[in-house]
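In my numbering, the protein residues as written are 39 to 157.
So the structure is just underneath, and the comments pick up after that.
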């Protein structure tokens with residue numbers, strides 16, 4: 039597989055991961071975090087998380103549907119939590135390796151490109 043340059047994350051596509059690989063180490067995922075700056079790494083370093091506050095419930099649902107379109111196109115699906123009617127929490131992890139892969143950062147970078155309505 040060709041290496042994914044951090045500056046080109048959103049131009050890449052996810053590659054199937056069926057296990058057999060090690061999760062990214064902090065040193066390996068640090069350059070990707072520089073691109074998806076709004077995302078945080080969980081304390082166990084197994085997922086990246088970002089919270090969005092949308093204008094209203096309807097806008098939050100529309101945003102979730104756009105994330106779903108990205109996830110389906112990439113074959114890599116985040117956990118999505120809609121709470122307090124307009125807050126959306128997205129968690130990305132690669133289940134097959136029980137940790138982070140480049141796929142998580144590719145999807146995060148594409149989610150970051152979704153235009154958010156102003157409050």
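We put the CB at the ideal spot given by N, CA and C, even for glycine.
Distance between residue j and residue i (C-alpha atoms, nearest Å)
i           : j           : result
residue 112 : residue 52  : 5 Å
residue 65  : residue 145 : 20 Å
residue 124 : residue 67  : 30 Å
residue 39  : residue 50  : Confidence at residue 39 is low in this model, with a pLDDT of 43, below 50, so its placement is unreliable and the value that follows should be read with caution. Whole-angstrom Cα-Cα distance: 12 Å.
residue 54  : residue 91  : 31 Å
residue 129 : residue 89  : 9 Å
residue 103 : residue 60  : 31 Å
Cutoff 7 Å; reference residue i; Cβ partners in own chain excluding five residues on either side
i           : result
residue 115 : 109
Among the options, the one whose alpha carbon lies nearest that of residue i
i          : options          : result
residue 96 : 122, 132 and 150 : 122
residue 56 : 132, 87 and 147  : 132
Residues that DSSP places opposite residue i in a beta bridge
i           : result
residue 74  : Residue 74 is not bridged to any residue.
residue 128 : 88 and 118
residue 137 : 132
Neighbourhood of residue i by C-beta, 8 Å cutoff - its chain only, sequence neighbours within 5 removed
i           : result
residue 155 : 92, 93 and 97
Nonlocal neighbours in the same chain, by C-beta distance under 6 Å from residue i, ignoring five residues either side
i          : result
residue 79 : 86
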